[in-house]
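Chains as they are written, first to last, in our numbering: chain A, 356 to 672; chain B, 3 to 322; chain C, 3 to 344.
Below, the structure written as C-alpha cells:
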C-alpha cells in the first residue's frame, strides 16, 4: 500500500478545500447575483482605498504644508470654475475633497470594524454562556441585554462618550477619542449578538455530538470553543456584516453631532458636519460628496449582508 | 377498471448540476377497495410518488412525464382549483407527523366541520353531527366533548386517529397514507393500523400505504410495490412478495429484517448503500450491489416482467 | 468441580455494570412566579424510578420500552450525562458517584462509551472525520505522536468498514449508515470495555440496519465488548441480546434471557409488546390490539404503572406498586404473577 506523505496529504486537503469552496453553493449563488458582485466590488474598493490612502490620494489633506489657501472653495472639476487637480473640489481650507473622503473613509472603516469585533466578542461570549449554562446565568445576561436593547444605541453611545469625557483628563481626550468611540459603539451593539448566539447555542447544546464530548469528560469551556462556536458563527457573520454598516452610520452620526472623532482626524461624518455649514452658501460639494460616499458604502455592505444571510440559510437549516 | 392508474410517471428535479430523476417511468394501479403498499428505503421515491398523485409535489420537483387517472379521469393536468376539489373529496391524505397535520390554533371540531362543509353539501348542524360520528368511529372516547378540544390536548395516537377521521370525512375513494405510523409507539402503531384497515374495509376505500416498514405492509396490504432508486423493483400480492420474493433487492431486504424466532447469528446484508440521485448507475439501478449481476444488467434497464410466481419483477433473471 | 461450586463461582463473578435503585426525577414545574399566579403544584417527571440490574462482562443486555419509559435516561445516567436523584451505578465494583478526582473519573470514563441514535446530530458538522474519531484519544491521552494517532484512526476506519481516505472528509459527505460507522469508530477509539448503544439503528433503513447490527456483533466478538442496547424495536432486540429488560414508565417490568422472554413472556406489558410485533411469516395470526396509551410520566398512576391498561388488573394493582421477584429464572414485577393468577 503506497503511503501518502503528510504534507502531500495537507496540500491535497487545502486544494480540495479551495475546490470545495469554489464549487460550493455559496460561491454559485454569489457569482450569479450581479448586484451582490457589484456590492462586493464596491466594498473591496473602499477597503483598498482605506489601506492605500497615503499612496493614492492626490493630496494629504491633514498636512498643513500641502495646503494652499488660494485653492479654497474650488468647485468640482467638471464645473466652470473647476480645476482638474481637485476632482471633487476643495473645502474652505483648500483641502481636496476626494482626498479627505479617502482619509475619512479610513477612520470610518477602522472604527466600524473595531466596534463590530468588540461587540461580537462580548456578545458571542455572553450569548454562548447564557445558552449553554441556562439557569440564573442566562437570566442575568439576557435581562441585561433586554434592558440594553430598550435604550436606543445612539443614546448609549452618547452616555458612554459623556462619561468618558468627564473621566479622562483633557490632554488625553483627543488621543483616546477613537478608542472611546469604538468602545461606545461596541457597547451598545453587543446584545444583538448575544441574543442570536444564545438561540443558536441552545439548539446545538441539545445535539448528540455535544453529549458525546461530555461523555468523554470534556469540560464546558473547551466544548463551547471547539464544538459550539464553529456551529453558531453563521448567524454571527451575517449580523457582523450588517453591524458594520450600522456601526459606520453610528460613528458618522456621533461625529456629525460633534461627539465622535476629533476634527483633526475627521471621519466621513465629521466631513458632512463641516460641509453642512457651507451648504446654503452655495458650496454644496463639501457636504454632498462625503455624504454620497457614506451612503454608497453603507448600501454596499448592507447588500452583502443580506445576500450572506440568504446564502447561509439552507446550510443553517 | 382500476380506481387509480399511474402510467409512466417521471418526476424530475432541475438543479444546477443537471436534471436529477427521482422517479423514473413507473406504472401501477390500485383497484377499488384494495390496499397497495409502497415500500422502499429512504430516497427510493415513494413519498414523491404519493405527493405527485395528489398534486402536492414541492417545486423545483415536477412531474416531467406520465399520466395519472382517477376513476378513468386524468388528474395530473388539472388546474389548481379543480385539483383542490379532488383533494379531500376523492383523495384523502394521512401524513406522518400528527403534530403538524393539524392546525394548532383551531379546535378539532372546527377543522373537521370545515373539511366536511367544503366537500359535502350539508347544513352546519348535519356537518357537526357527521364529524361527531366520525370521531366516535375512530375510537376517541366522548366524541361530542372532544369536538371543542385543541390538538395539543391529545396524545400522538389520538391525534393520528383524528387525522384519519379528517381523511375519511368526505368519503374519499382513495386514501394516500405516507408513513402514518412511523412517529408512534409500537403499541399505538398496532391500534392505528387495525383501525385503518377496518375503516377502509367498511367504507370500501382504497389505500395507497407508503412506508419503509415491511411489518406494517405485511399486516395491512393486499398487494405491495417495492421501490428502489425511483423504479419499481417488484410488485405483486403480499404473500408472494414476502414469502417468495423474486427480485434480488427484495430478497435482500426481506433477509435483512430481523425475525423473532430466527436464531441466525448474522442478518443477510446487502453491501453498499442506495446510490444518490446524482450517481444512478447505468442499466439496472441495483447492479452494483446485486449478487446475480450479469453483463446485461450494467447496460440495459429492465422493465417489470412476469416471473415464475405471481409477482412481477424488473430483473433480467426472469427474461423468457 | 461439583455443581454447587460451579454455580457459586458464577455468582461470585462481579458484574461489569451494576445498577441499584437507580432513580432520576426531573423538575419540570414552571418557574416560581407562574406557579404562584396560576396556583399550580410542582410537577415532577419521574423518568426512572428505582431500577436494578446487572450486566456481565461480554454480554448484551437490552432495555426495551415505548416512549416515556425511561430507557434512554437510564443510558445517560450510567454514562454520566445525568446525575442520579437516588441510587448507585457501579462499574467494575466502583461506585461512579464516589470518585472525586479528575484523573480517577477520567480513567473510568475511558472504559465506557456511548453511541447515539441520530446519525445526523451525533457528529460535529464542522470537524473532519479524523478529528471526530481522534477526540477521545486526545482527551484520554491514549496515543502519543501525530503519526500514531493517524495510524490508529485509519485502523479504526477499516475496522468499521470505511477507508482511510474518509478521514479527511466532513460528515455531510456520508450517508446515515456511514455516519453511524464513524460514531462507532469514535466510541471505540480509546479502547473501552463497555458500550452503551442508544437506539443506534432506529434512524436507519432496514438494509443499512442489518449492516450495522452485523458490524456490532463482529466487533463485540473480536474486541470482547459488553453492550447495553436500548431500543423500541423488539425484533432487533431479539436478534442482538442475551438478556432483555422491559421498562414501562420508569420501572422495570420484567428481566429475562432473550429466549425466555419471547417464548414465555410473563408480565402483561411484555405480552402486549410481543403482540405488536408484525407477523412477517404471514401465519395469519390474529392480533388483539390493546386499549389505552402510555400515560404521561409527569402524573404516573398510583400503584402499578400499568394497571390502567392491564387485562388482569385487580384492586391491589391500583393501590400498591409491585416489587419484583424471581420466577422461573426471570425477574418480574407483577401482582398477578405473584398471586398465581396467570
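Cβ atoms here follow ideal geometry from the backbone N, Cα and C, with glycine treated the same way. Here the structure is a predicted model, which is why all the values come from computation and not from measurement.
- Remark: fewer than three beta-carbon pairs, one from each stretch, lie closer than 8 Å, so the segment 202-216 of chain B and the segment 261-273 of chain B are not flagged as touching.
- For residue 255 of chain C, the secondary structure class from DSSP, reduced to helix, strand or coil, is strand.
- The residues 200 and 232, in chain order, have a CB closer than 7 Å to that of residue 74 of chain C in the same chain once the five nearest residues on each side in sequence are set aside.
- Taken through DSSP and simplified to helix, strand or coil, residue 197 of chain C comes out as strand.
- It is roughly 26 Å from the alpha-carbon of residue 185 of chain B to the alpha-carbon of residue 126 of chain C.
- Taking 9 Å as the cut-off, the beta carbon of residue 135 of chain C is found no closer than this to the beta carbon of residue 173 of chain C.
- Contact fails between the segment 82-91 of chain C and the segment 145-157 of chain C, because fewer than three Cβ pairs, one in each stretch, are under 8 Å apart.
- The bridge partners DSSP lists for residue 238 of chain B are B:226.
- Interface flag for residue 186 of chain C against chain A is unset, since no Cβ pair is found closer than 9 Å.
- Positions of the beta strand (DSSP E) runs, each at least 3 residues long and wholly inside the segment 59-144 of chain C, are given as 62-66, 88-93 and 114-117 in order along the chain.
- Rounded to the nearest angstrom, the Cβ distance from residue 99 of chain C to residue 72 of chain C is 19 Å, too far for a contact under 8 Å.
- The beta-carbon distance between residue 474 of chain A and residue 615 of chain A, rounded to whole angstroms, is 17 Å. This is too long to meet the 8 Å contact definition.
- Interface with chain C (9 Å Cβ-Cβ cutoff): residue 117 of chain B is excluded.
- Residues of the segment 67-97 of chain C with a Cβ closer than 9 Å to any Cβ of chain A, in chain order: 78, 81, 82 and 83.
- Of all residues in the segment 563-593 of chain A, the ones placed with a Cβ closer than 8 Å to any Cβ belonging to chain C are 563, 564, 566, 567, 568, 569, 570, 571, 572, 573, 582, 585 and 586, in chain order.
- Between residue 113 of chain C and chain A, the shortest Cβ-Cβ separation is not below 9 Å.
- Between residue 603 of chain A and the set A:634, A:548, A:398 and A:385, the nearest pair of CA atoms involves A:398.
- For the set A:587, A:556 and A:645, the Cα lying nearest the Cα of residue 489 of chain A is the one of A:556.
- Think of a sphere of 7 Å around the beta carbon of residue 210 of chain B: no beta carbon from chain C falls inside it, the nearest being about 19 Å out.
- By the Cβ neighbour-count rule, residue 86 of chain B is exposed, with fewer than 16 other Cβ atoms within 10 Å of its own.
- For residue 119 of chain C, not one C-beta of chain B is nearer than 9 Å to its own C-beta.
- The beta carbon of residue 273 of chain C does not come within 9 Å of any beta carbon belonging to chain A, so the residue lies off that interface.
- Judged by DSSP secondary structure, residue 409 of chain A falls within the alpha helix (DSSP H) whose first and last residues are 389-411.
- Secondary structure in the segment 75-132 of chain B: the alpha helix (DSSP H) runs of 4 residues or longer, each lying completely within the stretch, are 82-91, 100-103 and 110-121 in chain order.
- Listed in chain order, the alpha helix (DSSP H) elements of length 4 or more contained wholly in the segment 585-626 of chain A amount to none.
- With a cut-off of 8 Å on Cβ pairs, the segment 239-257 of chain C is in contact with the segment 46-65 of chain C, counting three or more such pairs.
- Bridge pairing for residue 17 of chain B: B:20 [DSSP].
- Judged by their CB atoms, residue 43 of chain B and residue 72 of chain B are not nearer to each other than the 9 Å cut-off.
- For residue 389 of chain A, same chain residues with a beta-carbon under 7 Å away, outside a window of 5 residues either side, do not exist.
- The Cβ neighbour count for residue 527 of chain A, taken over all protein chains shown within 10 Å, is under 16; the residue is labelled exposed.
- Proximity of residue 126 of chain C to chain A, defined by a Cβ-Cβ separation below 9 Å, is satisfied.
- Note that the C-beta distance between residue 587 of chain A and residue 552 of chain A is below 9 Å.
- Scanning C:312, C:103, C:165 and C:38 for the CA closest to the CA of residue 132 of chain C turns up C:165.
- The three-state reading of DSSP puts residue 31 of chain B in strand, counting E and B together.
- Looking only at A:486, A:468, A:563 and A:585, the smallest Cα-Cα distance to residue 538 of chain A is reached by A:468.
- Distances from the alpha-carbon of residue 652 of chain A to those of A:634, A:601 and A:637 put A:601 closest.
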